[in-house]
Amino acid sequence: MMASEIDSMAFKVKELIKDVKLDQSTFKIIDKTVASVVEAIRSTPESAVVPDVAPGFIRELGVPPEKIGFAFKSPESILVAGSRSINSMVKPDMNVDLLVRMPKNCFLEKDYKNHRYHARRCLYLHAIKEHLKSCPTVCRTSWSTLQNEARKPVLLVFPALEVCNLPGFFIRVIPAATSVFNSSRLSMSRNNVRAANDGDGVIARATPRYNSSILEDLFLEDNAEYIREVFNGWKNLEEALVLLKVWARNRSSVYAHDGINGYLLSVILSLLAGGHGGNLINKSMDALQIFRVTLKFIASSTSWTKCPSLKAARDLDVSEKELNRQLFDVVMLDVSGCANLVFRMRKAAFSELQDEASLALDCMSKCRDGGFEAIFMTRVDFPVKFDLFMRINMTGIEQVDRSKFCIDGEFPETFEERLHSVLSRALNDRAKLIRLVWRTTPCEWDIRDGFTKFCQQPVHVGVLFSSFDKSSRIVDIGPNADDKEEAAKFREFWGDKAELRRFKDGKIAESTVWECPLWKRHQVVQRIVQHVLSTHFSLSSDDVVQIVDQLDFSLSLGTHEPISFSGALTEAFEILSKRLRQLDGLPLKVSSVLPLDAALRSTAVFPPEPNPLADKKVSNVKSLKVAPASIQPIDVMIQLEGSGLWPLDEVAIEKTKHAWLLEIAKRFDNGREAFCVATEDEVDVMILGYAFRLRILHERGLKLMINQVGNLDLVKGVSSSDRELFLRSQHSSMINGLLGRFPVYGSVARLAKRWISCHLFSSFLVEEAVELLVANVFLNPQPFCAPVSRTTGFLRFLRLLANYDWGFSPLIVDINNDLTLEDIKQIDEAFILSRKSHEQNPHDIEPAMFLATSYDKTSLAWTKSTPTTSMLKRLASYARCSAALMTNLCLKSLAGAYTWECLFKTPLNNYDAVILLHKDRLSYPQRLLFPTDIKQGEHVVEGKPSSAFHPYLPLKETESLEATRNKLMVGFDPTKCLVEELQKEFVGTFKLWYDSLGADAMGLTWVKQGSKKRERDGMEGDENTAGGPYSILKEVGVLGKGFVKSVYLLKAPRHQL
């Protein structure tokens, strides 16, 4: 990072810490509140505790009730622990931990066996709860669990005194069992649960998780005291913990019961700062430096292979340390050297934690401003992080025997392990990470009910794909047929999907085949997952919700996606390119043919489908009843050999270009594969059912543009058409290169364009700008990896639009890594200059959306004049709502009207007037997603459809093919024609919002008028007032006669004087 970036990062971090930490006055209120609760707990009277108060809990632990009654004694001590004890509480989730030491005489010597300790622990808490009911300082209490462990309930106390600015503040009462048992009885090699033995009870299996559960309570106070001593008076260490908490909390799959939490983060900091972690942290470091060192420690594999410990290595029992390493996925020993503080952490959770730490370090070194936004301000939840997210409804599985809910581990743990194992084997090298999180503790729980309400929440599963090629592979090859044992295992796992096949190389092997069309390859993993979950867990498709194909409807036409014709389109373009280069008799040969159109870079939402009337090889169309009446032209740029005979006048150059095109057209008409349609302005070549529109880039314009590449404001003497062609060719070339690196980019760009159009932003955001925004999702994915699925990429696109600060930062899209530090400096200067020039009018900044690329460092190509600041705010607002809805649709089943279709339905009540079009007069009526039905506003205009145009031509047997072809219109779109007419006729009256892909509605918003004269002219007049809203809307109806179905006035205009 440069010095300025370091200073900026330090300033932002300082402000963040200030924002999330509490002030001293709030701490005083919290301490007073906690002290009152402590006193209330201390005053709990001695009484006899009987198991009848928690019958369900005792029963499902499998503990005989007669063995656990005891006399309640007041706690030996109550210790404030956790974040409050080390001044590192972080908003918004605020609570204080109280460690309540249970007296040793409340337990028998062998209560560490067979869950008797857990039963007494629960009863002890219940006695405190019953007493707190009558305390005036307590509003209410409720039950939760310690890190999702059902057998270890904790008591949540909500004080009667509300803590200012901290709604939902509570105190967590956690029992501690200091010195209750001898820790040697809880060695990892010992069996302390009879139910964990084999069926005959002969083989005693070790119960390391059960033992760790009790050991944790034995040393809670010792560990808390150690952490407090390390943090005491060390402000930078406290602030570093705050930063780590903010970072971790933003990552929901990492900040989980089997992952990292605030307590473990404080343990890691204590380890690194307390001497036993190699003295990696010292008091000369600031908070940000400590944050970086901690992330490096977490990300380093070698750091964890040595079994880090809060106890000096020389004092550790080597055999116990080695045993921990064998039994647990991750090991970090506490101050006693006996308890593994991370015994709940799974291998997948730890791998993800390390990946996140590595990504954060990568952000700090590569991102602008040190990656502050990506690290601390970006929410990394399941739907936006993983390429495949699924919810598994656990009510569909067979009911578990509640008497075996807790043995060594608990049922959810063992089920997660089995589920992870099945998914890992099924997906194999398709996935680089599979993460499961099952929050089994119910929101409302009563210990009297036992565990009956546990496991009702869905399991959240996230999968990161290794690559699109692997995830979309349709054949998996198993063991050879000769390997009988492995082949049998393969067939047992895959069931009826396993089949014996002979491959091209002669190999005969077991395999699974997932046949599907090319445009459905992204659904291969979905089919694999559903098959194995059905086979191994009897889960139906209703029980498993996979976020894969929910958005496909927006890109489909009936039963197929138009992208399925891309192969035919590419073939037609290659034939065209070859024919152009081979043309004879031209004074200057065609030197290159370059694609300009989005259809030729796989980013067109609806690439053209072949039209039989545009195929010269088709000589008989009698088998067809109709054919499309219009065809989309596909722009192609050609360059000619160099010559010094070109005219100098711009108009003359354009005329010469057209003459060249006409000459080319003549030669094409003589061929067998193609024919041409020439007009005064355009030349279109029809080949294999497609229409290619030829454009020529003048060599003089090319040279000037290349000399000043990226600096469009410095280019002089180049015609606007040459400038446009050069920019489009540069853009198209770069996007095609990007597709080679990120195969899923095209699908995400198509979804993004569909969304932009559906919300009627087509007038204000060109498709090249949308493609650059999507490109940024792939090129600058921090704090994520680049997406490998269309749904994840689309959600990230929405969040980029919703959250990017366009007012203070340019968006730099460096597709080919062409930009140097000097280039970036130029971009920053151009951005600052654009903001300074509009300081007096901040609502009219140009460009409001500053998109910088290697070919356009000043953002003049695609977003110079639109979107404006107000349009950009509207766009961000729509994106914010869509992103929130999509996230909720992923995470839970929403009832009512909120469905996936809502992402592409725009609210028409946000416009001042609405124009409805005759849907059967749209060029492509099959592209219409949702027919508009408006039930608000005043009906001003009603119109009948015109008979002059119909989207389909009837193919009559009596009419010749040539006559029918003459009726084919190239590039005709009544919607765009109407838009152009309205924009030309009503300049400064209203803004027109429309969908370029085929909606049957347009929106109008009145342009605010600043003159008193305009107001006197009666813009708010009645129906008969000239220039009034009714009069204007009637004129709209007249201009769109035959195409406009109706016009509604929703809001009359307001005026600013």
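In the working numbering, the protein residues as written are 1443 to 2499.
The C-beta atom is built at its ideal place from N, Cα and C for all residues, glycine as well.
Quantities reported herein were computed from a predicted structural model and do not represent experimental measurements.
Item to complete: Quick one: grab the DSSP three-state call for THR1747.
Response: helix
Item to complete: Could you spell out where the alpha helix (DSSP H) holding LEU1801 opens and where it closes?
Response: 1789-1808
Discussion item. If distances are taken between C-alpha atoms only, which option among LEU2025, VAL2068, LEU2018, ASN2245 comes closest to ILE2076?
Written reply: Of the candidates LEU2025, VAL2068, LEU2018, ASN2245, LEU2018 places its Cα closest to the Cα of ILE2076.
Practice prompt. Round the Cβ separation of LYS2409 and LEU2395 to the nearest angstrom and send it over; I've been treating them as touching at under 8 Å.
Written response: Indeed, because the Cβ distance is near 6 Å, the residues count as touching under 8 Å.
Worksheet entry | CB of VAL1772 within 8 Å of CB of SER1712, strictly | no
Worksheet item: How many angstroms separate the CA atom of ALA2056 from the CA atom of ILE1950?
Response: Distance between the alpha carbons of ALA2056 and ILE1950 is about 47 Å.
Worksheet item: Does the Cβ of ARG1786 have 16 or more other Cβ atoms within 10 Å, making it buried, or fewer, making it exposed?
Response: With 16 or more Cβ atoms within 10 Å of its Cβ, ARG1786 is classed as buried.
Discussion item. Using the three-state DSSP reduction, which class does HIS2201 fall into: helix, strand or coil?
Written reply: coil
Worksheet item: Which runs of the alpha helix (DSSP H), 4 residues or longer, sit entirely within the segment 2072-2118?
Response: List check, alpha helix (DSSP H) in window: 2092-2111.
Worksheet entry | Proximity to ALA2217 [Cα-Cα], best of HIS2173, SER2199, PRO1506, ASN1692 | HIS2173
Worksheet entry | Close Cβ partners of ARG1788 (< 7 Å) along its chain, the five nearest in sequence each way excluded | ASP1700, ASP1771
Worksheet entry | In chain order, each beta strand (DSSP E) run of at least 3 residues that lies wholly inside the segment 1902-1947 | Fully enclosed beta strand (DSSP E) runs of 3 or longer: 1917-1922, 1940-1944.
Discussion item. On a Cα-Cα basis, can you pick out the residue from ILE2080, LEU2082, TRP2088, GLU2124 that is closest to HIS2100?
Written reply: GLU2124
Discussion item. Using a Cβ distance threshold of 8 Å, determine whether the segment 1905-1921 contacts the segment 1869-1884, with at least three qualifying pairs required.
Written reply: These segments touch.
Worksheet item: Alpha carbon to alpha carbon, what distance is there between PRO2252 and VAL2277?
Response: This sequence places Arg at residue 2277; Val is not what is there. Spanning the two alpha carbons is a distance of roughly 11 Å.
Worksheet item: LYS1594: buried (16+ other C-beta within 10 angstroms of its C-beta) or exposed?
Response: buried
Worksheet entry | Three-state secondary structure assigned by DSSP to GLY2440 | Of the three classes helix, strand and coil, the one that applies to GLY2440 here is coil, per DSSP.
Worksheet item: Are there 16 or more other CB atoms within 10 angstroms of the CB of ASN2053, so buried, or fewer, so exposed?
Response: By the neighbour-count criterion, in which 16 or more other beta carbons inside 10 Å mark a residue as buried, ASN2053 falls on the buried side.
Discussion item. Here's a check: name, in chain order, each residue in its chain whose Cβ is nearer than 6 Å to the Cβ of PHE1661, leaving out the five neighbours to either side.
Written reply: ASP1776, SER1778, ALA1781
Discussion item. Classify GLN2378: buried if its beta carbon has 16 or more other beta carbons within 10 angstroms, exposed otherwise.
Written reply: exposed
Item to complete: State the Cα-Cα distance for the pair GLU2209 and ILE2129, rounded to the nearest angstrom.
Response: 25 Å
Discussion item. So, with DSSP's three-state summary, where would you put VAL1971?
Written reply: VAL1971 falls in the helix class under three-state DSSP.
Worksheet item: If we count the other Cβ atoms within 10 Å of its Cβ and call it buried at 16 or more, is VAL2489 buried or exposed?
Response: buried
Fill in: Beta-carbon proximity list for GLU2462, same chain, < 6 Å, skipping 5 on both sides
Residue confidence is low: GLU2462 scores 48 on pLDDT, short of 50, so the model does not pin down where it sits. Its coordinate-derived value is still stated next. Around GLU2462: ALA2494.
Worksheet entry | Three-state secondary structure (DSSP) of ARG1614 | strand
Discussion item. Assuming PHE1824 and PHE1814 are in contact, meaning their beta carbons sit under 8 Å apart, how far apart are those beta carbons, in whole angstroms?
Written reply: 23 Å between Cβ atoms; not a contact.
Worksheet item: What are the start and end residues of each continuous alpha helix (DSSP H) run of 4 or more residues lying completely inside the segment 2168-2236, in chain order?
Response: 2187-2200, 2209-2221
Item to complete: Please name the residue or residues paired with ASP2039 in a DSSP beta bridge.
Response: None; ASP2039 has no bridge partner.
Worksheet item: Is the segment 1915-1924 touching the segment 1521-1532 in the sense that three or more CB pairs, one from each, lie closer than 8 Å?
Response: no
Item to complete: Excluding the 5 residues preceding and the 5 following ASN1590 in the sequence, name in chain order all residues of the same chain whose CB lies nearer than 7 Å to its CB.
Response: HIS1699, ARG1881, THR1882, THR1883
Discussion item. Does HIS2392 come out as helix, strand or coil in the three-state DSSP assignment?
Written reply: coil
Worksheet item: Can the beta-carbon of HIS1964 be found closer than 8 Å to that of VAL1864?
Response: no
Practice prompt. Would you identify the three-state DSSP class for ARG2456, choosing helix, strand or coil?
Written response: Below a pLDDT of 50, predicted positions are generally treated as unreliable, and ARG2456, at 43, falls in that range; no measurement from the model is reported.
Item to complete: Using alpha carbons as the reference points, say which of PHE1623, PHE2134, LEU1714 lies closest to PRO1545.
Response: PHE1623
Worksheet item: Residues in its own chain within less than 8 Å of ILE2257 by CB, not counting five upstream and five downstream?
Response: MET2176, ILE2177, GLY2179, LEU2180, ALA2217, LEU2221, THR2295, SER2296, listed in sequence order.
Discussion item. Assuming TRP1689 is part of the alpha helix (DSSP H), what are its boundary residues?
Written reply: 1677-1691
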